[in-house]
């Protein structure tokens, strides 16, 4: 990064100032924590630079690729970044996330990866219908497809084959767990679960970005353990852990998000928890450690 | 900021409608045009300037 003169002790890196970022900045203000907001679209990094602009940065960049490289650049200059580049890259890849969760001994849906669309049908049918096909990278439920029949699978794989990016040709397929129209989102900050919500949708995907309704979810011992363990498994200081209940009510961990959006979560939780303030507390703690 | 600068409502670059922007707005905040629904990015605050917000990219999200 073009470091310039050292200013605020905490950097807030984001190209888009959403309600979440405004809440975070307000929480930092309330705690008297000095910060500098930087538009990540203006950032540049130079190999070998070792002058940290801040000791700590909160990475709130909305783009996965830009977020990862911002973290890499800052870390190379000696800045501690929340979340780290490693965590952002791991969480940004659904297959790598699944592997990390499984390696940590956490329950995950049956999942398969095929390296070409041609190999995809066999991978899908080894899992069995209904199956969910997801892009390796992406969020908000984009291009996530529920497939209940071979004819649909073949059509989806043909569409995947027609996509321009080589990464898009990798087929990630996962067993459909539960009804698919609801899931649980738990937020973990600094190793502690600050709360969980149910997300319910009129369609089968339950992303808030797609209009899912949210309501508080009881934080059971199992849920708390799984959410905390999932965040730990991917090395994320701040994590949005998505879970589903199977037909027997057992929870499985679906994925972990490193760029947590929390407006829907906050709306559901009301004054039970203040996510922005929890983030500000994490920043405060890390600044003094 | 000079209050008079806030009194002049910025126009939507897409449909030219006046766009209400909160006093507490800041650069890079996203606002929506009530008239045409376009997402707009605040590029300055004194006076308030708006431009069309960037389109959602493939890797955007959580």
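Chains as they are written, first to last, in this note's numbering: chain A, 156 to 444; chain B, -1 to 60. Glycine included, every Cβ here is placed at the ideal spot set by N, Cα and C.
- Look at residue 30 of chain B: its C-beta is not under 8 Å from any C-beta on chain A.
- Against chain B, a Cβ distance below 8 Å from residue 217 of chain A picks out 58, 59.
- At least one C-beta of chain A is nearer than 8 Å to the C-beta of residue 27 of chain B.
- Of the residues A/363, A/334, A/236, A/326, the one whose Cα lies closest to the Cα of residue 215 of chain A is A/236.
- Under DSSP, the beta-bridge partners assigned to residue 342 of chain A are A/350, A/395.
- For residue 179 of chain A, no beta strand (DSSP E) encloses it; the enclosing alpha helix (DSSP H) starts and ends at 174 to 185.
- Annotation for residue 269 of chain A: 275, 278, 326 place their beta carbon closer than 6 Å to its own, counting only its chain and skipping 5 residues before and after.
- Between residue 288 of chain A and residue 302 of chain A, the beta carbon gap of about 6 Å places them in contact (Cβ cut-off 8 Å).
- Take the alpha-carbon of residue 292 of chain A and the one of residue 208 of chain A: they are about 30 Å apart.
- By the Cβ rule, the segment 372 to 380 of chain A does not count as touching the segment 14 to 27 of chain B, because fewer than three pairs are nearer than 8 Å.
- At a beta-carbon threshold of 8 Å, the residues of chain B lying near residue 194 of chain A are 25, 26, ordered along the chain.
- Listed along chain B are 57, 58, 59, 60, each with a C-beta nearer than 9 Å to that of residue 294 of chain A.
- By the Cβ neighbour-count rule, residue 322 of chain A is exposed, with fewer than 16 other Cβ atoms within 10 Å of its own.
- DSSP lists no beta-bridge partner residue for residue 387 of chain A.
- Listed in chain order, the non-local C-beta contacts of residue 282 of chain A below 7 Å within the same chain comprise 265, 267, 328, 330, local neighbours out to five positions each way being set aside.
- In the DSSP assignment, residue 42 of chain B is bridged to B/47.
- Considering only A/395, A/315, A/298, the residue with the shortest C-alpha distance to residue 345 of chain A is A/395.
- For chain B, the residues of the segment 220 to 236 of chain A that bring a beta carbon within less than 9 Å of one of its beta carbons are 220, 221, 222, in chain order.
- Taking the Cα positions, residue 435 of chain A is about 47 Å away from residue 304 of chain A.
- Residue 51 of chain B and residue 349 of chain A have their alpha carbons spaced roughly 32 Å apart.
- DSSP places residue 415 of chain A outside both helix and strand once states are collapsed to three, so it counts as coil.
- Chain order gives the chain B residues near residue 416 of chain A as 59, 60, where near means a beta carbon separation below 9 Å.
- Shown here, residue 273 of chain A sits in a helix according to DSSP, grouped into three states.
- Residue range 249 to 258 is occupied by the alpha helix (DSSP H) that includes residue 249 of chain A.
- In the three-state reduction of the DSSP assignment, residue 425 of chain A falls in the helix class, which pools H, G and I.
- Taking C-beta atoms as the reference points, residue 388 of chain A and residue 259 of chain A count as a pair closer than 8 Å.
- Interface criterion not met: the Cβ of residue 214 of chain A is under 8 Å from no Cβ in chain B.
- Residue pairing of residue 288 of chain A in beta bridges, as defined by DSSP: A/300, A/328.
- Counted as a single uninterrupted DSSP element, the stretch harbouring residue 212 of chain A is not any alpha helix (DSSP H) but the beta strand (DSSP E) occupying residues 211 to 214.
- Interface annotation for the segment 164 to 186 of chain A against chain B: 169, 170, 171, 172, 173, 177, criterion Cβ-Cβ distance under 8 Å.
- In this structure residue 13 of chain B is exposed. Its beta-carbon is surrounded by fewer than 16 other beta-carbon atoms within 10 angstroms.
- Between the segment 195 to 202 of chain A and the segment 235 to 254 of chain A there are fewer than three C-beta pairs closer than 8 Å, too few to call the two in contact.
- Of all residues in the segment 386 to 399 of chain A, those with a C-beta nearer than 7 Å to a C-beta of chain B are 395, reading in chain order.
- Among the residues of chain B, none has a CB under 9 Å from the CB of residue 238 of chain A; the nearest is roughly 11 Å distant.
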